[in-house]
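Take the sequence shown: its position 9, counted from the start at 1, is 2 in the numbering used here, and no numbers get skipped. For glycine and all other residues, C-beta sits at the position ideal for the given N, C-alpha and C. Everything numeric in this text was worked out from a predicted model, so none of it was measured.
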Amino acid sequence: MSSVNQVYPVIWQSDASGNAPDRVLLIDQTRLPNEYAFVEISRCDDMARAIKTMIVRGAPAIGVAAAYGMYLGARELDETERDRFLAGLEGVAETLRQTRPTAVNLFWATERMLKVARQTLGSVDYLKQALLETAKQINADDIQTCQAIGGHGLSVLPTSPEKLRLLTHCNAGALATAGYGTALGVVRSAWQAERLERLYADETRPRLQGAKLTAWECVQEGIPVTVITDSMAAHCMKQGMIDAVVVGADRIAANGDAANKIGTYSVALIAKAHNVPFFVAAPLSTIDFSIADGSQIPIEERDPEEVCQVGDTILCPPGVDYYNPAFDVTPASLITAIVTEFGAFVPSQIQTELQSRKIV
C-alpha cells in the first residue's frame, strides 16, 4: 500500500484538454485500508449513490460532496428558462437529500447551493458557473474550519498530563471532511504541539470506521494509534489509560444533544462514570438550530448485512433478526464542551453564546 501524507477525500478535477468532462474524484473509503483508490463522479446520480453507499462519509465530507453533486445535477439540466431551471435544481437537491437523513451538513450544503441559484442574476449558464464556484468555496472553507476546530480543541484539552492519551469513536478525520478533520483535527493539533502520547481508536462496529479509516489516517502521518474493540473502552478508562475523549458529530440539536456514530452514547456514559472529559468537535454547519433537542434527530437505519457479515464471513446463524441504527444521540449533559471553528462552548449555552456574538 502506498503512503499518503495529505488526505483530501473530495477533489474537483478540471480537464484542460477538453477530452473528458470536469469531474469529482472521491477516495473510495469502502476499499480502505487495503487499497487507496479514487472513484470518478461526473453525474449527480452517481454522487448520490456514492454518498448512500458510503464511498464518501462523514458529515462535513458529505456536505462538500453534495455541493458538487448539486453542480453536477445543474450541469445535466437542459432548461434555459430560469424558473424551469430552478425547479429542476430543487429536484436535484431532493435526490441528494434522500441519501443520508442524519448528516445535517448534507441539507445545509444543498440549501446553500439552492440559495445561491435563487439569488444569482444572469443566464442559466452563469448560474451554473456560480454553483461550481460555491461548491469549490464550501470545499476550501471546510479545510480552514477544521484547522480552527483543531486549534480550539487543543486549547480546552486537559493541561495534565503533559502528553495526553485520547480516545475517539468512528472516523472524524480528513476522510470525513474536506481535509484535516474535526475530532481527528483536534488530535492532529495535539500531535503537532507535542501534547499527544497516543490515540486510542474504537474499532466502531459494524462498519469498522475506527479500525479501517482512523487508524489508516494516523499511520499516514506517524501518529501513534492503538485500535481497541468498542467493548474495551470502559476497561481502558478504569485502568487510567484515557485522559479525554474527542468525537465528531453528524447533527447537533439547539440544546447541545449530539448525534454521532452508533456507540458514541455508550462511550459518553463510560467517560462520565470515570470523570474523563468528553468533547464533541464539529463545524457550525453541523448544528441544527431548527430542532430543540436530540429526540427530533432522524436516525438512519442501515442494511442488516452490516451487522451479520464482515466481508464474505457470515457471523450469525440463519433465522435471527437484526437492528442496525447507524447513529445514536449523546445528551448534552454528558458533553464537556462542543468545539467549533468559533471556539469551545458548554452544550447548553451554545445557542445563546453564538447569538450573543452575532454568529447565528
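> Is there contact between the stretch 191 to 208 and the stretch 269 to 282, where contact requires at least three CB pairs shorter than 8 Å?
Replying inline: Note that the stretch 191 to 208 does not touch the stretch 269 to 282; fewer than 3 beta-carbon pairs, one per stretch, sit closer than 8 Å.
> Between the Cα of Ser326 and the Cα atoms of Thr103, Asp286 and Asp39, which residue gives the shortest distance?
Replying inline: Ranking Thr103, Asp286 and Asp39 by Cα distance to Ser326 puts Asp286 first.
>> Which residues does DSSP list as the beta-bridge partners of Leu201?
In response: BP columns for Leu201 are empty, so no partner.
> When we look at the beta-carbon of Asn12 and count the other beta-carbons within 10 Å, is it buried (16 or more) or exposed?
Replying inline: When all chains shown are included, Asn12 counts as exposed.
> Rounded to a whole number of angstroms, what is the C-alpha to C-alpha distance between Val17 and Glu294?
Replying inline: Approximately 28 Å between the Cα atoms of the pair.
> Which residue from Gly62, Gly56, Phe31 and Asp118 puts its Cα closest to that of Glu355?
Replying inline: As displayed, the chain neither begins before -6 nor continues past 353, which places residue 355 out of reach and without an answer.
> Do Thr92 and Ala176 have their C-beta atoms within less than 7 Å of each other?
Replying inline: Going by beta carbons, Thr92 and Ala176 fall outside the 7 Å limit.
> What is the C-beta distance between Gln213 and Asn164, in whole angstroms, given that I count them as a contact (C-beta under 8 Å)?
Replying inline: The C-beta distance from Gln213 to Asn164 rounds to 13 Å, too long to fall under 8 Å, and the pair is not in contact.
> Out of curiosity, what's the CA-to-CA distance linking Ala246 and Ser349?
Replying inline: Ala246 and Ser349: Cα-Cα distance of roughly 18 Å.
> Where do the ends of the alpha helix (DSSP H) carrying Glu298 lie?
Replying inline: In the DSSP assignment, Glu298 falls within the alpha helix (DSSP H) that extends over Glu298 to Cys301.
>> Do Pro318 and Ile221 count as a contact pair if the criterion is CB distance below 7 Å?
In response: Not closer than 7 Å, so no.
>> In the DSSP output, what is Pro318 paired with across the bridge?
In response: As a beta-bridge residue in DSSP terms, Pro318 pairs with Glu294.
> On the three-state DSSP scale, how would you describe Gln6?
Replying inline: When secondary structure is reduced to three states using DSSP, Gln6 falls in the strand class.
>> Nearest by alpha-carbon distance to Gly233: which of Lys351, Ile263, Ile4 and Gly84 is it?
In response: Distances from the CA of Gly233 to each of Lys351, Ile263, Ile4 and Gly84 were compared; the closest alpha carbon is that of Ile263.
> Taking the continuous alpha helix (DSSP H) assigned at Thr88, which residues delimit it?
Replying inline: First-last of the alpha helix (DSSP H) with Thr88: Arg75 to Arg90.
> So what does DSSP say about Met(-6), is it helix, strand or coil?
Replying inline: Low confidence applies here, because Met(-6) scores a pLDDT of 38, under 50, leaving its location unreliable and the question unanswered by this model.
>> For a test of the three-state rule: what should DSSP assign to Lys351, helix, strand or coil?
In response: If DSSP states are grouped into helix, strand and coil, Lys351 belongs with coil.
> Just the Cα atoms here: how many angstroms apart are Ser288 and Gly146?
Replying inline: The alpha-carbon atoms of Ser288 and Gly146 are separated by roughly 27 Å.
> Cβ of Leu125 within 7 Å of Cβ of Gly56?
Replying inline: No, they are not a contact pair.
>> If distances are taken between C-alpha atoms only, which option among Ala60, Tyr1 and Ala275 comes closest to Phe31?
In response: When only C-alpha atoms are compared, the closest one is Tyr1.
> Which of helix, strand or coil does DSSP assign to Lys265?
Replying inline: Look at Lys265 here: in three-state DSSP terms it is helix.
> Looking at Ile284 and Val363, is the spacing between their C-beta atoms short of 7 Å?
Replying inline: The question about residue 363 has no answer here: the residues shown for the chain are numbered -6 through 353.
>> In whole angstroms, give me the CA-to-CA distance for Gly84 and Met63.
In response: Going by the C-alpha atoms only, they are around 10 Å apart.
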